[in-house]
Amino acid sequence: MVTKPTATATLDRLCVELEAASYPILIGSDWLPSVAEEIRAVGADASHVMLVCDAAIRETLLPPIAQSLHAAGLRVDQCEVPSGEPSKSVEQLSRLWQWMLECRADRRSVVIAVGGGVVGDLAGFAAASYQRGIRLVQIPTTLLAQVDSSVGGKTGINLPAAKNMVGAFWQPMLVAIDTRTLETLPSREYTSGLAEVIKYGVIDRPDFFAWLEANAGGLVARDAGVLRETIRQCCQAKADVVADDQRETSGRRAILNYGHTFAHAIEATAGYGKWLHGEAVAIGMQMAMTLAVQRGMVPAETLERQQRLLEAVGLPIRWSEADPAALFAAMQSDKKNEHGRLKLILPTRIGEVRFLEGVGEQEIEAAIEACR
Ligand SMILES: NC(=O)c1ccc[n+]([C@@H]2O[C@H](COP(=O)([O-])OP(=O)(O)OC[C@H]3O[C@@H](n4cnc5c(N)ncnc54)[C@H](O)[C@@H]3O)[C@@H](O)[C@H]2O)c1
Ligand SMILES: [Zn+2]
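Structure, rendered in structure tokens:
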């Protein structure tokens, strides 16, 4: 007799190696109806789960997850968070704490974040802080969350004037990725996530970059096989960097910020909402690599290669209204700077970057000017 493989038998299984805090990342398609099995496998003593879900996907993506958990005999509570960045707030955090108290959460409870980076960061921080930390599972449902924010343990909220200013490192016990959740993701959100995908190629993975060039069509079409391989490669790249530098102390983890000093300044000066994060990262990577070309660190062909791939997947590569002086001013207040010195991550080739400090204003503004 031939037995049908179970949904979880075909998963890709990666591991974020952090000694006692190590955890699996599971990647597959259409397997969330069996997610309870995997949660049980890493948290055998869990008796209660608290699902925190983005409002936009409550009716579509949440029911099979909740059903799976009920069927496994767990006590299940659910709570919904309004979609969008403003939910990464003290108000929503406090609402979650109050709700967790009402749910009688204890040491055998697990928070499960179902949504994009907003819900992952918010619910993650609620888990990190409630009773000084209870267990967390990430079920990311945007491309950005699947390739970036759900892995690595950064959680937190925004203050009215400062993004991601309050938070904690709190590693999940499991990251459960189902590529089918991306089918409903709006096209602009999806494309925006691809900027982080391309970023991994430029900073660390030359073969992956070449693979992306060859598979750009499949990426745009959200081809299931291409997507799964893409997410696997990105999670592995992020897991490796995080394992080397869990709390961003050695500098290794900072390579993930390639293009981001420019991007944060683009987001801030354009007014939040004009560019999605990944779109700003795409333009920021172009600015960073333009600067590297101007300094003679990489040949112009390398910049053209990055530009071609960004364009092939539909990302912007310039911002005609960029104000170089305003962008430079915003870059100087970036929280990644050390003692006020601007620190940039610039490529030396596809697959390798290095840090550069003390780059002058004129040089930076010239690179911005070239991307207008
Ligand atoms: N913790 C980290 O390491 C880290 C890394 C990068 C970014 N972030 C944070 O992540 C956040 C951005 O995350 P994001 O881009 O996922 O944004 P998001 O969470 O706001 O999701 C984007 C939009 O997609 C909707 N959505 C989510 N899943 C969907 C689905 N499957 N189908 C249809 N719609 C869906 C949401 O309602 C929202 O409108 C930012 O707050 C950023 O600071 C954190
Ligand atoms: Zn980013």
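Number 3 in our numbering belongs to position 2 of the sequence shown; there are no gaps in the numbering.
Backbone N, C-alpha and C define an ideal beta-carbon position, used for all residues, glycine too.
Could you tell me which uninterrupted alpha helix (DSSP H) segments, each at least 4 residues in length, are contained entirely in the region 160-233, listed from first to last along the chain?
188-205, 207-215 and 217-221
Counting Cβ pairs, one atom from each stretch, are 3 or more of them under 8 Å apart for the region 251-270 and the region 187-205?
yes
Taking the alpha carbon of glycine 285 as the point to measure from, which residue in Ala196, Leu102 and Arg189 has its own alpha carbon closest?
The residue given as residue 285 occupies position 284 in the sequence shown. Comparing Cα positions, the closest option is Ala196.
In the DSSP assignment, find the beta strand (DSSP E) that holds threonine 349 and state where it starts and stops.
Translated into positions along the sequence shown, residue 349 becomes position 348. According to the DSSP assignment, threonine 349 belongs to the beta strand (DSSP E) that extends over 344-350.
Helix, strand or coil for leucine 75, going by three-state DSSP, please let me know.
On the sequence shown, residue 75 is found 74 positions in, with the first residue counted as 1. Secondary structure at leucine 75: coil, using DSSP grouped into helix, strand and coil.
For isoleucine 135 and leucine 52, believed in contact at Cβ under 8 Å, the rounded distance:
On the sequence shown, position 51 is the one that residue 52 refers to. On the sequence shown, position 134 is the one that residue 135 refers to. About 14 Å separates the two Cβ atoms, so there is no contact after all.
Would you kindly report the start and end of the unbroken alpha helix (DSSP H) that includes arginine 41?
Stepping through the sequence shown from its first residue, residue 41 is reached at position 40. Where arginine 41 is concerned, the enclosing alpha helix (DSSP H) stretches over 36-43.
Since leucine 347 and methionine 298 should fall inside the 8 Å C-beta cutoff, what is the C-beta to C-beta distance between them, to a whole number of angstroms?
For the purposes of this step, residue 347 is identified with residue 346 of the sequence shown, where counting begins at 1. For the purposes of this step, residue 298 is identified with residue 297 of the sequence shown, where counting begins at 1. Contact holds; Cβ gap of about 6 Å.
Secondary structure at arginine 136, three-state DSSP: helix, strand or coil?
The residue labelled residue 136 in the question sits at position 135 within the sequence shown. Of the three classes helix, strand and coil, the one that applies to arginine 136 here is strand, per DSSP.
Nearest-angstrom Cα separation, counted from tyrosine 131 out to aspartate 122
Taking the sequence shown and counting its residues from 1, the one referred to as residue 122 is at position 121. Taking the sequence shown and counting its residues from 1, the one referred to as residue 131 is at position 130. Approximately 14 Å between the Cα atoms of the pair.
Is it buried or exposed, phenylalanine 210, if we count other Cβ atoms within 10 angstroms and call 16 or more buried?
Locating residue 210 in the sequence shown gives position 209, where the first residue counts as 1. Phenylalanine 210 comes out buried.
Cβ pair count under 8 Å reaching 3, the region 235-245 against the region 141-152
yes
Based on Cα-Cα distance, which residue from Ala8, Gly352 and Phe170 lies nearest to alanine 127?
Numbered from its first residue, the sequence shown carries residue 127 at position 126. Here the closest residue by C-alpha is Phe170.
N-terminal and C-terminal residue of the beta strand (DSSP E) that glycine 376 is part of:
Within the shown structure, residues of the chain are numbered from 2 to 373, placing residue 376 beyond reach of any answer.
Does the Cβ-Cβ distance between isoleucine 369 and leucine 311 come in under 9 Å?
Residue 369 sits at position 368 when you count from the first residue of the sequence shown. Residue 311 sits at position 310 when you count from the first residue of the sequence shown. No, the pair does not count as a contact, with Cβ atoms beyond the cut-off.
Comparing the CB of glycine 279 with every heavy atom of ligand 2, is any distance shorter than 8 Å?
As a position in the sequence shown, residue 279 is number 278, starting the count at 1. Yes - ligand 2 has a heavy atom lying nearer than 8 Å to the Cβ of glycine 279.
Nearest to aspartate 208 (by Cα), restricted to the options Gly352, Leu144 and Pro317:
The residue you call residue 208 lines up with position 207 of the sequence shown. With distances taken between Cα atoms, aspartate 208 lies closest to Gly352.
DSSP puts tyrosine 24 in a beta bridge; with which residues?
As a position in the sequence shown, residue 24 is number 23, starting the count at 1. Tyrosine 24 is bridged to Val17.
Is the number of C-beta pairs between the region 55-63 and the region 34-47 that are closer than 8 Å three or more?
no
Range of the contiguous alpha helix (DSSP H) that encloses methionine 290
The residue labelled residue 290 in the question sits at position 289 within the sequence shown. 278-295 is the extent of the alpha helix (DSSP H) around methionine 290.
Can you check which of these residues, Gln308, Cys54 and Glu249, is closest to valine 138 by C-alpha distance?
In the sequence shown, counting from the first residue as 1, residue 138 sits at position 137. Across the set Gln308, Cys54 and Glu249, the C-alpha of Cys54 shows the shortest separation from the C-alpha of valine 138.
Tell me whether the beta-carbon of aspartate 13 lies closer than 9 Å to the beta-carbon of aspartate 179.
In the sequence shown, the residue the question calls residue 13 occupies position 12. In the sequence shown, the residue the question calls residue 179 occupies position 178. For aspartate 13 and aspartate 179, no; Cβs fall outside 9 Å.
Please state if the CB of threonine 156 and the CB of glycine 116 are separated by a distance shorter than 9 Å.
Taking the first residue of the sequence shown as position 1, residue 116 is located at position 115. Taking the first residue of the sequence shown as position 1, residue 156 is located at position 155. Cβ atoms of glycine 116 and threonine 156: not closer than 9 Å.
Alpha helix (DSSP H) segment containing arginine 254, residue limits:
Here residue 254 refers to the residue found at position 253 of the sequence shown. Element bounds for arginine 254: n/a, residue is neither H nor E.
Name the DSSP beta bridge partners of methionine 51, please?
Residue 51 sits at position 50 when you count from the first residue of the sequence shown. Asp78 and Val112.
Going by DSSP in three states, isoleucine 66 sits in which element: helix, strand or coil?
Translated into the one-based positions of the sequence shown, residue 66 becomes position 65. Here isoleucine 66 sits in helix by DSSP.
Quick test of your reading: serine 90 and asparagine 165, contact by CB under 8 Å. State the CB separation rounded to the nearest angstrom.
Along the sequence shown, read from residue 1 onward, the residue named residue 90 stands at position 89. Along the sequence shown, read from residue 1 onward, the residue named residue 165 stands at position 164. No, serine 90 and asparagine 165 are not in contact; Cβ-Cβ is about 12 Å, not under 8 Å.
Closer than 8 Å to a non-hydrogen atom of ligand 2 - does that hold for the CB of leucine 145?
In the sequence shown, counting from the first residue as 1, residue 145 sits at position 144. Leucine 145: yes, Cβ under 8 Å from ligand 2.
At the 9 Å Cβ level, is lysine 275 part of the contact set with chain C, yes or no?
You won't find chain C in this structure, because it holds only one protein chain.
Check whether the region 15-23 and the region 63-82 are in contact - that is, three or more C-beta pairs closer than 8 Å.
no
Could you name the residues that DSSP lists as bridge partners for glycine 29?
Translated into the one-based positions of the sequence shown, residue 29 becomes position 28. Partner(s): Asp179.
If you measure from the CB of asparagine 165, is any heavy atom of ligand 1 nearer than 8 Å?
For the purposes of this step, residue 165 is taken as residue 164 along the sequence shown, with counting starting at 1. The answer is yes for asparagine 165.
Beta-carbon proximity check, isoleucine 199 vs leucine 316, cutoff 9 Å
For the purposes of this step, residue 199 is taken as the residue at position 198 of the sequence shown. For the purposes of this step, residue 316 is taken as the residue at position 315 of the sequence shown. At the C-beta level, isoleucine 199 and leucine 316 come within 9 Å of one another.
Determine the DSSP secondary structure at glycine 121, reduced to helix, strand or coil.
Counting from one through the sequence shown, the residue named residue 121 turns up at place 120. In this structure, glycine 121 counts as helix in the three-state DSSP scheme.
Close Cβ partners of cysteine 104 (< 8 Å) along its chain, the five nearest in sequence each way excluded:
Mapped onto the sequence shown, residue 104 falls at position 103. So the qualifying residues of the chain are His49, Met51, Asp78 and Ser110.
To the nearest angstrom, how far is the alpha carbon of asparagine 216 from that of arginine 229?
As a position in the sequence shown, residue 216 is number 215, starting the count at 1. As a position in the sequence shown, residue 229 is number 228, starting the count at 1. Cα atoms of asparagine 216 and arginine 229: separation of roughly 12 Å, rounded to the nearest angstrom.
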